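Have a look at the structure below, then the notes.
In structure tokens form, the structure reads like this:
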């Protein structure tokens, strides 16, 4: 029945007509005046599998009802697709509102709601970026572990990362930006930038300790002597991101969330690094004195010593 109706109302290309180098489809279908009303359907004759012509009313009940203009299927299941243009709106917050409204609906058995389009792409991107962030933090930690020849001092340095997240969230809230793919990329960049201040502070403290300076005095001297370099490196990076933050230049509006993340993350990290890192260094160093000091693996010490000799040579 469906094939007969499709042939009658949509037609079928029987052949092609060529004229002056152009081709035209020759479509076979019912005349236009025979496919206008429901009466035309009632008088329509179809051929059964046995080759007998019967009226359509003998095999179907015809009536007016509301229905979809088209029926879409996915994996042989019917689906209804709802789309929207969200210009000037936050995709994440809109998706959250939609999810809340869907939760309030009592869907019958066999019905389900799935999100797609940009929402699905954004979720996949966040998963990949989260893995990238974790990998970057791990690599930064391992590089510092080799440099400091200790697993404890890099751990102290990594405490500057949580303060960065606090500054990032505050900056996004103040500026009205959202945590999207661009801002997440800025967060990954911060994982390798914010530790620089803490590395400078911890490294100089270790140098003073090796010269025989007491723990408390070494921390005070390191903070005073490294205050200016920390301020200079932070301010130069922040000022370099100001044009993007202000939207100066074509296309900088898309990169503004990344600038917000870097500026506020660095500023908060700098303040907390100058206060939190010396306190943690003092606390952990005192505790390690009471316990057996952990020795860094000898093979890593040997590799680092050989690398330094090659550089000097």
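Numbering (the numbering used here), first residue to last: 1 to 313. Every residue gets a Cβ at the ideal spot worked out from N, C-alpha and C, and that includes glycine. Just so you know, these numbers come straight off a predicted model, no measurement behind them.
Check                                                                                                                                                                         : Outcome
Could you spell out the range, first to last residue, of the beta strand (DSSP E) harbouring residue 15?                                                                      : 12-19
Count Cβ pairs between the region 137-155 and the region 223-233 that sit closer than 8 Å; are there 3 or more?                                                               : no
Since I believe residue 161 is in contact with residue 191 (beta carbons under 8 Å), could you give me their beta-carbon distance rounded to a whole number of angstroms?     : 7 Å
Use the C-beta contact count for residue 292: other C-beta atoms within 10 angstroms, 16 or more gives buried, fewer gives exposed.                                           : Any reading at residue 292 must be qualified, since the residue scores a pLDDT of 45, below 50, and its modelled position is unreliable; the value itself is stated next. Exposed: under 16 other Cβ atoms inside 10 Å.
What distance in whole Å lies between the Cβ atoms of residue 223 and residue 254, which are believed to be in contact at a cut-off of 8 Å?                                   : At roughly 39 Å, the Cβ-Cβ gap does not stay under 8 Å, so residue 254 and residue 223 are not in contact.
Helix, strand or coil: how does DSSP classify residue 149 here?                                                                                                               : coil
With three or more beta-carbon pairs closer than 8 Å as the criterion, would you say the region 260-267 touches the region 176-191?                                           : yes
Which class does residue 292 belong to by DSSP, given the choice of helix, strand or coil?                                                                                    : Any answer about residue 292 is weak, because its pLDDT of 45 lies below 50 and its placement is not dependable; what the coordinates show is given next. It is coil, neither helix nor strand.
Residue 144 to residue 154, Cα distance in whole Å?                                                                                                                           : 6 Å
Enumerate in chain order the residues of its own chain whose CB-to-CB distance from residue 167 is below 7 Å, with the five nearest sequence positions on each side excluded. : 264, 265, 267, 268 and 269
Could you check the C-alpha separation between residue 185 and residue 169 for me, to the nearest Å?                                                                          : 14 Å
Tell me the residue span of the alpha helix (DSSP H) that contains residue 40.                                                                                                : 38-42
Determine the direct distance from the alpha carbon of residue 226 to that of residue 218, and round the result to whole angstroms.                                           : 12 Å
Just list the residues that DSSP pairs residue 47 with in beta bridges.                                                                                                       : 53
Would a C-beta distance cut-off of 8 Å place residue 181 and residue 125 closer than the cut-off?                                                                             : yes
If we call anything under 8 Å between Cβ atoms a contact, is residue 127 one with residue 277?                                                                                : no
Would the beta-carbon of residue 11 fall within 8 Å of that of residue 27?                                                                                                    : yes
Below 8 Å between beta carbons: does that hold for residue 183 and residue 260?                                                                                               : yes
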